[in-house]
Amino acid sequence: MGTHKVTGFSRFADWLRRGTAFFLCLVAAVLPSRFRVIFIEIIGWIFQLLYLWFKSLTGFLIRQLQEEKGGRER
Amino acid sequence: MKEAAVAYSGGTDSTCAAALLLDRFERVTLLTYSRPGLFSPENSERNVRRLVRKYGGDRVTHRIIPLNRLYDFVSDDLRFHYMKKYGFLNLGGCGVCKLTIHLRTLVWCLDHGITSAADGSTRDLYLFPTQMEPVNREVKKMYSRFGLVYETPVYDTALPENSSLWDKILRAERLSDESGSPGEKGGESTGVILYRLGLMPAPNVKGTLMDRHMQSRCYQFILPNIYLIWNYFQRHSYDEFVERTVSLYREKIRRFGILIEEYIEKKEKSRLFGLIDR
């Protein structure tokens, strides 16, 4: 398998993602076990919430577009 | 009596592994582990009840065992050494957690005279170190060193058809692999097998609310996966990742093998004995 390819994102967004991942891992790496668990759990919750927000937003947009398309066809 | 132990989360994979072992063993002990950051291990009792209903309470035993001190030890053991050598790959919490589970299962088997152990590892979670075939081979060697057989009875089952979007995101890279996706292996998924055995109400419950309510919950896989997808795979290939991970876990397993040897020899006076919550 080849390396992960970034397509459709700006170089800045790519740098931001890499930097964010590196920084979060750096914090986790220096924490002792129990604190690391709490820190990683919080990050996990934040990403889950962002994912759910993204999912509901895209779902809403798709529904709106389908309604719009249905209206035009009528 | 032919008896086996199963590292049991309560999900479809480990339930399927237990069900398949119950065809070959007279008794199966399901070992569910709890530790800080792993919530609601009692959720596993849902599928234990299903297994007991089908196979009988005399054949299925369930234990919830705390892993607190052992997990802290495995997690913090030589962490700056590993960090220096393997970078953030050492942060793979799921690998550390599963390695702790293997260690505790091995000790449990030794204490109870059980010679067969299994779990619900599948090809599905290909970013999780202890679900990788080469790492599993090292784990098998660790068990066999102490006269035990470690099995992964559902490793080659098919991927479920309708997994959640989150699973699809995590799997996206592997699915674009020219060598084929892990889902191409085997015929039936664990959910389908359980449905066929009458242990599940539907053939694919993975990723559903019901699935979440029948096993422990943990979101600590997210950060290591974010690192891999956002950072590591920008510079390295999946094969390099596997190679480095296998090397890291081989080192860890070798160290813990020495601890187990000491445990067999010295029992109460060994270092491992003090780390085990009973």
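One line per chain: the protein sequences are D and H, in this order. Count the first sequence with the working numbering and you get residues 6 to 79, in order. Count the second sequence with the working numbering and you get residues 84 to 361, in order. For glycine and all other residues, C-beta sits at the position ideal for the given N, C-alpha and C.
Residue range of the alpha helix (DSSP H) that includes residue i
i                 : result
Arg162 of chain H : Arg162 to Tyr169
Val179 of chain H : Gly176 to His195
Val111 of chain H : Careful: Val111 of chain H lies outside any alpha helix (DSSP H), inside the beta strand (DSSP E) at Arg110 to Ser117.
Thr63 of chain D  : Ser38 to Glu78
Glu216 of chain H : Glu216 to Arg228
Ile147 of chain H : No alpha helix (DSSP H) contains Ile147 of chain H, which is instead part of the beta strand (DSSP E) from Val143 to Pro149.
Asp19 of chain D  : Arg16 to Val35
Val288 of chain H : Counting along the chain, Val288 of chain H falls outside any alpha helix (DSSP H), and DSSP gives it neither H nor E.
Ala102 of chain H : Thr95 to Leu104
Met368 of chain H : This structure cannot speak to residue 368 of chain H, because chain H is shown only from 84 to 361.
Ser330 of chain H : Tyr321 to Lys349
Val275 of chain H : Thr273 to Arg279
Proximal chain H residues relative to residue i, where beta-carbon distance stays under 7 angstroms
i                : result
Gly49 of chain D : Tyr302, Gln303, Ile305 and Leu306
Ala34 of chain D : Met166, Phe171 and Leu174
Phe65 of chain D : None at all; the shortest Cβ gap to chain H is about 15 angstroms.
Euclidean distance between Cα positions of residue i and residue j
i                 : j                 : result
Cys99 of chain H  : Cys177 of chain H : 21 angstroms
Ser262 of chain H : Tyr332 of chain H : Because the pLDDT at Ser262 of chain H is just 40, under 50, the model does not fix this residue reliably, and the value given afterwards should be weighed accordingly. Approximately 24 angstroms, taken between the alpha carbons.
Gln303 of chain H : Gly76 of chain D  : 45 angstroms
Phe65 of chain D  : Cys180 of chain H : 38 angstroms
Pro286 of chain H : Thr273 of chain H : 9 angstroms
Trp313 of chain H : Arg23 of chain D  : 5 angstroms
Val32 of chain D  : Asp155 of chain H : 17 angstroms
Gly203 of chain H : Ala90 of chain H  : 8 angstroms
Tyr226 of chain H : Leu189 of chain H : 7 angstroms
Leu134 of chain H : Thr240 of chain H : 20 angstroms
Lys137 of chain H : Leu282 of chain H : 8 angstroms
Ser353 of chain H : Ile343 of chain H : 9 angstroms
Arg257 of chain H : Arg16 of chain D  : Confidence is the limiting factor: at Arg257 of chain H the pLDDT is only 48, short of 50, which leaves the residue's position unreliable and the question unanswerable from this model.
Gln214 of chain H : Asn308 of chain H : 14 angstroms
Ser299 of chain H : Trp50 of chain D  : 15 angstroms
Lys168 of chain H : Phe52 of chain D  : 28 angstroms
Arg295 of chain H : Arg327 of chain H : 32 angstroms
Gly270 of chain H : Ile276 of chain H : 10 angstroms
Gly140 of chain H : Lys85 of chain H  : 16 angstroms
Met297 of chain H : Ser123 of chain H : 9 angstroms
Glu216 of chain H : His164 of chain H : 25 angstroms
Ala18 of chain D  : Lys350 of chain H : 54 angstroms
Arg118 of chain H : Thr63 of chain D  : 36 angstroms
Phe108 of chain H : Ser97 of chain H  : 16 angstroms
Gly266 of chain H : Tyr278 of chain H : Low per-residue confidence applies at Gly266 of chain H: pLDDT is 44, beneath 50, and the placement is therefore not dependable, though the value from the model is reported in the following sentence. Each residue's Cα considered, the two are about 19 angstroms apart.
Glu72 of chain D  : Leu57 of chain D  : 22 angstroms
Arg187 of chain H : Met293 of chain H : 28 angstroms
Ser61 of chain D  : Leu55 of chain D  : 10 angstroms
Unbroken beta strand (DSSP E) run spanning residue i, endpoints
i                 : result
Glu86 of chain H  : Glu86 to Ala90
Trp199 of chain H : This sequence places Ser at residue 199 of chain H; Trp is not what is there. Unbroken beta strand (DSSP E) run through Ser199 of chain H: Ser199 to Asp202.
Glu234 of chain H : Val232 to Glu234
Cutoff 7 angstroms; reference residue i; Cβ partners in own chain excluding five residues on either side
i                 : result
Met166 of chain H : Asn173
Arg228 of chain H : Gly340
Ile48 of chain D  : Leu29
Leu104 of chain H : Ala87, Val89, Val111, Ala201 and Pro236
Under 8 angstroms by beta carbon: chain D residues contacting residue i
i                 : result
Tyr209 of chain H : What Tyr209 of chain H touches in chain D: nothing, since even the nearest Cβ is about 10 angstroms away.
Gly120 of chain H : Val42, Ile43, Ile45 and Glu46
Tyr310 of chain H : Ala26, Phe27, Leu29 and Cys30
Trp72 of chain H  : With chain H represented from 84 up to 361, any question about residue 72 of chain H goes unanswered, as that position is not in the structure.
Within 8 angstroms, strictly: CB atoms of residue i and residue j
i                 : j                 : result
Val232 of chain H : Thr198 of chain H : yes
Arg152 of chain H : Leu358 of chain H : yes
Tyr310 of chain H : Ala34 of chain D  : no
Leu355 of chain H : Glu345 of chain H : yes
Thr95 of chain H  : Lys289 of chain H : yes
Leu306 of chain H : Ile43 of chain D  : no
Cys301 of chain H : Gly120 of chain H : yes
Ala102 of chain H : Leu280 of chain H : yes
Thr205 of chain H : Val157 of chain H : no
Pro37 of chain D  : Asp160 of chain H : no
Asp360 of chain H : Leu150 of chain H : yes
Leu208 of chain H : Lys335 of chain H : no
Close beta carbons around residue i, own chain, < 6 angstroms, minus the five adjacent residues each side
i                 : result
Cys192 of chain H : Ala88, Ala200 and Leu231
Ser259 of chain H : Any reading at Ser259 of chain H needs caution, since the residue's pLDDT is 46, under 50, leaving its predicted position unreliable; the model's value is listed next. Nothing listed; no residue qualifies.
His185 of chain H : Val222
Val218 of chain H : Pro212, Val329 and Tyr332
Gly175 of chain H : Pro212 and Pro307
Glu234 of chain H : Ala201
Ala255 of chain H : Residue confidence is low: Ala255 of chain H scores 48 on pLDDT, short of 50, so the model does not pin down where it sits. Its coordinate-derived value is still stated next. Result list for Ala255 of chain H: empty, nothing under 6 angstroms.
Listed by chain order, chain D residues near residue i by CB distance under 9 angstroms
i                 : result
Asn126 of chain H : What Asn126 of chain H touches in chain D: nothing, since even the nearest Cβ is about 17 angstroms away.
Contacts that residue i makes with chain H (C-beta to C-beta distance below 8 angstroms)
i                : result
Arg39 of chain D : Pro119 and Asp155
Gln71 of chain D : Per Cβ cutoff of 8 angstroms: no residues; Gln71 of chain D is ~18 angstroms from chain H at best.
Residues near residue i by beta carbon distance below 8 angstroms, same chain, minus five either side
i                 : result
Tyr315 of chain H : Phe171, Leu172 and Phe324
Ser320 of chain H : none
Glu125 of chain H : Ile147
Neighbouring residues, chain D, relative to residue i (Cβ below 7 angstroms)
i                 : result
Asp159 of chain H : Pro37 and Ser38
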